[in-house]
Amino acid sequence: MSMIPLLFVCAAHAAEEGALLWLDQAPDPRVHPELRPLAADAVAPSQDWSAADQAAIDQLSAELTALRPLLDEFDGELQIMSRLDAVIKDLPALKTPAHRELLVEALALQGLAVYRYFQDGLATDPAAAPYRVEVGGQVMVKAWVDAVALDADHAPLELVDPGAVTTFDAARATLLGAQRAAVKVNDAPEGLTLIVDGAEPVSAARPVYVPPGQHYALAVMDGVVVGRARARVEPGESLSVELPLMGAELSALAATLAEGPEGLALSPRLTAALAAAPQPLYLASRGADGLYVYALQGGAVTLTERPEPRDKGQRLSVTVALGGGWVYDGEYFLQNVDDGAPYTRATVNHGAAFASVGARTGSRWWSAAAGVDLALPFGDYTTLETGDREVRLRAQPYVAAGLPWVQASVGWFTPYHISFGLRGRVPLTDNLALTGGAVTARGFALARDDGAPDFQAAPAGAAWVGVEGRLRVR
Numbered sequence: 002m003s004m005i006p007l008l009f010v011c012a013a014h015a016a017e018e019g020a021l022l023w024l025d026q027a028p029d030p031r032v033h034p035e036l037r038p039l040a041a042d043a044v045a046p047s048q049d050w051s052a053a054d055q056a057a058i059d060q061l062s063a064e065l066t067a068l069r070p071l072l073d074e075f076d077g078e079l080q081i082m083s084r085l086d087a088v089i090k091d092l093p094a095l096k097t098p099a100h101r102e103l104l105v106e107a108l109a110l111q112g113l114a115v116y117r118y119f120q121d122g123l124a125t126d127p128a129a130a131p132y133r134v135e136v137g138g139q140v141m142v143k144a145w146v147d148a149v150a151l152d153a154d155h156a157p158l159e160l161v162d163p164g165a166v167t168t169f170d171a172a173r174a175t176l177l178g179a180q181r182a183a184v185k186v187n188d189a190p191e192g193l194t195l196i197v198d199g200a201e202p203v204s205a206a207r208p209v210y211v212p213p214g215q216h217y218a219l220a221v222m223d224g225v226v227v228g229r230a231r232a233r234v235e236p237g238e239s240l241s242v243e244l245p246l247m248g249a250e251l252s253a254l255a256a257t258l259a260e261g262p263e264g265l266a267l268s269p270r271l272t273a274a275l276a277a278a279p280q281p282l283y284l285a286s287r288g289a290d291g292l293y294v295y296a297l298q299g300g301a302v303t304l305t306e307r308p309e310p311r312d313k314g315q316r317l318s319v320t321v322a323l324g325g326g327w328v329y330d331g332e333y334f335l336q337n338v339d340d341g342a343p344y345t346r347a348t349v350n351h352g353a354a355f356a357s358v359g360a361r362t363g364s365r366w367w368s369a370a371a372g373v374d375l376a377l378p379f380g381d382y383t384t385l386e387t388g389d390r391e392v393r394l395r396a397q398p399y400v401a402a403g404l405p406w407v408q409a410s411v412g413w414f415t416p417y418h419i420s421f422g423l424r425g426r427v428p429l430t431d432n433l434a435l436t437g438g439a440v441t442a443r444g445f446a447l448a449r450d451d452g453a454p455d456f457q458a459a460p461a462g463a464a465w466v467g468v469e470g471r472l473r474v475r
C-alpha cells in the first residue's frame with residue numbers, strides 16, 4: 002500500500018491538527034511534516050521516581066532543619082506553620098521508610114507550632130482553619146492526624162511539651178479507633194506492588210488498610226513506578242491508584258504493528274489513552290523492512306502506509322569497476338634481466354590501472370560473483386613471455402563467494418599463476434559502491450617443449466581499489 006491513501010486522509014482533516022505518534026523511536030519531523038510529531042511519552046508519560054521527587058524530599062529535610070530553632074523565637078510558630086505547609090503541599094510522593102519518617106517529624110513540628118499558637122482557639126479561630134480537621138466529631142490538629150495516619154507507631158521527636166504529648170496521644174487513640182480507610186488498585190495486573198506512605202512494598206492484589214488522613218501511594222511493576230496517587234482519605238473511604246498507560250504497553254503495540262498487519266483491535270486502555278492525543282492520530286512503528294504507519298479509528302488501527310517491498314530473494318547484477326592499484330611479480334626481474342632489468346624492488350613492483358567486468362548474485366546475507374579483472378602495470382620491465390609472444394596486460398578470470406560486503410576469491414592470474422584473495426565492496430548508493438581486493442598468486446608448473454625442466458613461475462600478487470557501477474538484471 003502506498004502513502005497516497007494517508008495523504009488523502011490527512012487532506013480530509015486539514016482543518017484539524019493531526020499528529021503522528023512514534024511508538025518505538027524518537028520522532029522524525031521530516032516524515033509527514035504535515036502531522037505534528039509526538040513521542041511515546043506524550044500518551045504514556047513516565048510515572049517513575051524522578052529528580053523532582055527527590056528534590057521535594059530534600060527541600061522538606063532542609064526546611065525541617067532550618068525551622069526547628071524557631072520554636073524558641075517570638076511568634077516563630079507562624080513561620081513554622083506556613084513554611085512547612087507550603088513544602089508539604091508540594092510533596093508528591095514517599096518512596097522509602099526514611100521519607101515517611103522525615104514527613105512524620107515535619108508534621109509533628111508543624112502540629113506543635115499549631116498547638117502552641119492557637120491553643121484553645123483551634124476549633125474557633127478562622128486563622129486556624131487550614132490547620133485543623135474534624136475526626137469522629139472532634140476537632141484535631143491536622144498535622145498530627147496526618148502524622149498518625151502515616152505511622153501510628155512512630156513517636157515523634159519534635160513533641161517536647163508534655164501537654165503536646167498528651168494531646169497527640171489522645172488524637173492517636175481516636176484515629177486508631179476510627180473506621181479504617183483503604184488504598185487499592187482496581188484490576189491490578191499480576192506482579193504489581195504497592196508502596197503506601199513509604200512502607201515496604203506489598204502485593205497490590207489486596208487493599209492496604211490505613212488510618213484516615215493524608216496518604217501517598219506508588220504502584221510499582223518490576224522495580225519501576227507505574228502509577229501514583231495522594232489524597233486525604235476519610236474513615237471508610239478508599240484511595241484508588243489509577244494506572245496510566247505504561248511504556249511497556251506501547252512497546253508491545255509497536256512490536257505487533259512492526260509486523261505489518263492490515264489492522265488491529267486495541268485494548269480499552271490503549272483506546273482511552275490514544276483518544277486523548279491530538280486527532281486525527283496516526284501511529285508509526287519501524288519494522289525490519291521500514292516504517293509502517295497506521296490510522297487510529299475508534300478502538301482499532303488501520304494500516305495506511307507500508308515500506309516499499311524489498312526483494313528478499315536472489316538478485317542478479319552486472320558490474321563494471323575502474324580503479325588503480327599495485328602489481329608484484331618476481332618474473333619481471335627474472336625474464337628481463339638480460340635486457341638490463343636492475344635487481345631492485347622497483348623492478349618487481351609496479352603501479353597499475355585496473356578494470357573489472359563481472360556478474361554478482363545473492364541476497365541479504367550472502368553473495369557470489371564471477372568475472373574478469375584486468376591490470377595494466379606501468380613502467381619498464383613489465384612484460385612477460387608466454388609462448389612466442391610478450392604480454393603486459395594481466396587478466397584474472399575469477400569466482401568469489403561470501404558475505405555481501407566481503408568474499409573470498411580464486412582465479413587465474415594470467416599468464417601462469419593461480420590466485421587466492423579477498424574482495425570487498427562498500428555501497429555508496431543503490432548502484433554505486435567502493436570496491437577493492439587483494440590476491441596472492443602462485444605459479445604452476447609448465448612443461449617445456451625442449452625437454453628442459455618444467456617452468457615454475459615466481460610468486461606474484463596484486464591489490465587495488467576503485468569505483469563499481471551496478472546494473473540490476475533481475
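For the sequence shown, the working numbering begins at 2 and goes up steadily by one.
C-beta: ideal position from N, C-alpha, C; glycine also.
Cβ-based neighbour list, residue i, same chain, cut-off 7 angstroms, excluding 5 preceding and 5 following
i: Val105; result: Ala148, Leu151, Asp152, His155 and Pro157
i: Ser62; result: Leu103
i: Val474; result: Leu317, Ser318 and Val319
i: Pro213; result: Val136, Ala150, Leu176, Ala179, Ala182, Val234, Glu235 and Pro236
i: Ala57; result: Asp91, Leu92 and Pro93
i: Lys96; result: Trp50, Ile196, Gly199 and Leu219
i: Thr194; result: Pro202, Val203, Ser204, Ala205 and Val221
i: Tyr116; result: Val142, Ala165 and Thr168
i: Ala448; result: Asp455
Residues near residue i by beta carbon distance below 6 angstroms, same chain, minus five either side
i: Ala12; result: Confidence at Ala12 is low in this model, with a pLDDT of 39, below 50, so the placement of that residue is unreliable and no value is reported for it.
i: Gly248; result: Ala45
i: Leu65; result: Ala107
i: Lys313; result: At Lys313, the pLDDT of 49 sits below 50, so the modelled position is not reliable and the matter cannot be decided from this model.
i: Ala342; result: Phe334, Thr348 and Tyr382
i: Ala402; result: Ala369 and Gln408
i: Gly112; result: Val142, Ala144 and Trp145
i: Gly291; result: Pro308
i: Pro28; result: Pro38 and Ala40
i: Leu265; result: Val302
Residues that DSSP places opposite residue i in a beta bridge
i: Asp196; result: Asp is not the amino acid found at residue 196; the sequence shown has Ile there. Paired residues: Leu219.
i: Ala354; result: Gly325 and Leu377
i: Pro93; result: Partner(s): none; Pro93 has no beta bridge.
i: Ser239; result: Ala183
i: His33; result: None; His33 has no bridge partner.
i: Ser368; result: Gly363 and Gly403
i: Pro428; result: Ala434
i: His418; result: Phe414 and Gly444
i: Arg229; result: Leu219
i: Ala409; result: Ala402 and Leu423
i: Leu21; result: Pro38 and Tyr283
i: Gly214; result: Val234
Residue j beta carbon less than 8 angstroms from that of residue i
i: Ala296; j: Leu267; result: no
i: Arg84; j: Leu68; result: yes
i: Arg101; j: Asp198; result: yes
i: Phe414; j: Ala371; result: no
i: Asp25; j: Ala255; result: yes
i: Ala114; j: Ile81; result: yes
i: Gly224; j: Val321; result: no
i: Gly437; j: Val466; result: yes
i: His418; j: Gly388; result: no
i: Ala20; j: Ala278; result: yes
i: Val373; j: Val392; result: no
i: Val134; j: Leu123; result: no
i: Glu306; j: Gly288; result: no
i: Ser410; j: Arg426; result: no
i: Tyr293; j: Leu258; result: yes
i: Leu282; j: Leu72; result: no
i: Ala416; j: Leu385; result: Ala is not the amino acid found at residue 416; the sequence shown has Pro there. Yes, the pair counts as a contact, with Cβ atoms nearer than the cut-off.
i: Val468; j: Gly324; result: yes
i: Ala230; j: Glu238; result: no
Cβ shell of residue i (< 8 angstroms), same chain only, five flanking positions each side left out
i: Pro245; result: Ala45, Pro46, Gln48, Val227, Gly228 and Ala274
i: Val400; result: Ala369, Ala370, Ala371, Ser410, Val411 and Gly412
| Below 8 angstroms, can you find three or more Cβ-Cβ pairs linking the segment 376-396 to the segment 346-358? | yes
| Complete runs of the alpha helix (DSSP H) confined to the segment 267-350 [at least 4 residues] | 269-276, 332-335 and 346-349
| field | Cβ contact check for the segment 175-191 and the segment 209-218: 3 or more pairs under 8 angstroms | value | yes
| message | Between the segment 327-337 and the segment 365-375, can you find at least three pairs of beta-carbon atoms closer than 8 angstroms? | response | no
| field | Given 8 angstroms, three or more beta-carbon pairs between the segment 455-462 and the segment 322-331 | value | yes
| query | Counting pairs of beta carbons, one from the segment 251-259 and one from the segment 127-143, are three or more of them closer than 8 angstroms? | reply | no
| field | alpha helix (DSSP H) runs wholly inside the segment 100-184, at least 4 long, in chain order | value | 143-151 and 163-178
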